[in-house]
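> Count the sequence shown with full-length UniProt numbering and you get residues 1 to 254, in order.
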Amino acid sequence: MLPATTHSKTEPKLSRPVQVAEAIKDWVVERGLQAGDRLPGESELIEQFGMAKGTIREAMRVLEAQGLIKTRTGPGGGSFVHDVSRQRAKALLGNYFYFKDLTIGDIYQLRLTLEPELAAALAGKLPEDVLQLLEENIAEYSEPTTTLDEEREQHVASLRFHAILAEQAKNPLLGFIIDFMVNLLTDLTVYRRLYSPPNIELWKQGRDHQQRLVVALRDGDANGARAIMSDHMETAWALMRQQEVEMQNRFISE
């Protein structure tokens, strides 16, 4: 049977299938099941949780929609614990923020706190192939753009530099949060057209900071990497805020 649950006055009451889905997740964790492990069949789940067939089926659909289980048909089929990919987790979390009207400041406030510490932690610890990947990424925006399409692509590429670093984080939570923020900022930049008009200072400062950062990372200079990334975030925040204001003024005038 389901455990008793309490709800605050402001929280909407969970539907019965969602409650069952949460109970199944708890059951999976308690038993230490791993990705690829088979879940009990429908009849066993009905008995285990004391729910009707329709409720169990809807709960399983909820879990599948969340990417936590995978159902296969045919011989050897059934429902299996599934490892949620980083891409899917970012997409699901992004849905929460879709209508939150995030600003550049909201994102950079966190970036300024977290990314300098990541840079310091990675100094002297990145393999040469990753350092070369960072340099190759910078080479994609080695020269100023001549069209708005190029400007957009350069903005996206310059943010990918930070996603590459996030993938190297030893702390998976830190890496995921930074990668998620990069993803949010990329989306904001594109659909709010924050790459227009082209900002030569933003391009120059961003490229120079990243070039200096790669040197500090290769040299194992943790304090230098932290300082460069901090300055990079502060400068980018100020310049991107200018882009945001420009976009808002353009919207009002139109």
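Using N, Cα and C, we set each Cβ at its ideal position, and we do this for glycine too.
(1) Under 6 Å Cβ to Cβ from R38, same chain only, skipping five residues before and after it: list those, please.
(2) Under 8 Å Cβ to Cβ from V130, same chain only, skipping five residues before and after it: list those, please.
(3) If you check the beta carbons only, do A119 and R226 fall under 7 Å apart?
(4) Just checking, does the region 56-73 make contact with the region 147-164 on the three C-beta pairs under 8 Å criterion?
(5) R212 lies in the alpha helix (DSSP H); which residues open and close that run?
(6) So what does DSSP say about T71, is it helix, strand or coil?
(7) Between which two residues does the beta strand (DSSP E) carrying F80 extend?
(8) Indicate whether the contact test is met: 3 or more Cβ pairs, each with one atom in the region 84-103 and one in the region 202-216, closer than 8 Å.
(9) Tell me whether E136 is buried or exposed, calling it buried when 16 or more other Cβ atoms sit within 10 Å of its Cβ.
(10) Indicate the three-state DSSP secondary structure (helix, strand or coil) for R38 in the structure shown.
(11) Below 8 Å on the Cβ atoms is my contact criterion, and I expect R192 with M247 to pass it. Report the Cβ-Cβ distance as a whole number of Å.
(12) Three-state secondary structure (DSSP) at E244?
(13) Given this structure, state the Cα-to-Cα distance separating T235 from V84, to the nearest angstrom.
(14) Please classify Y195: does DSSP put it in a helix, a strand, or coil?
(15) From I228 to H209, what distance separates their C-alpha atoms?
(16) For residue 255, which three-state DSSP category applies?
(17) Is the distance from the Cβ of T145 to the Cβ of P198 below 7 Å?
(18) Using only CA atoms, which one of T113, A21, L134 and L174 lies nearest to Q211?
(19) Just reading off the alpha helix (DSSP H) that T55 is part of, what are its end residues?
(20) How big is the Cα-Cα spacing for N95 and R86?
On the basis of the supplied data:
(1) G78 and F80
(2) I164 and Q168
(3) The criterion of a C-beta distance shorter than 7 Å is satisfied by A119 and R226.
(4) no
(5) I200 to D219
(6) strand
(7) G78 to V81
(8) no
(9) exposed
(10) strand
(11) Between M247 and R192 the Cβ distance is about 6 Å, and since that is below 8 Å, they are a contact.
(12) helix
(13) Near 35 Å, if we compare the C-alpha coordinates of V84 and T235.
(14) For Y195, the three-state secondary structure derived from DSSP is coil.
(15) Between the C-alpha atoms of I228 and H209 there is a straight-line separation of about 6 Å.
(16) Past the boundaries of the shown model lies residue 255; the chain is included only from 1 to 254, so the question cannot be answered.
(17) Result yes, Cβ atoms of T145 and P198 sit closer than 7 Å.
(18) L134
(19) K53 to A65
(20) If I take the Cα positions, the gap works out to 14 Å.
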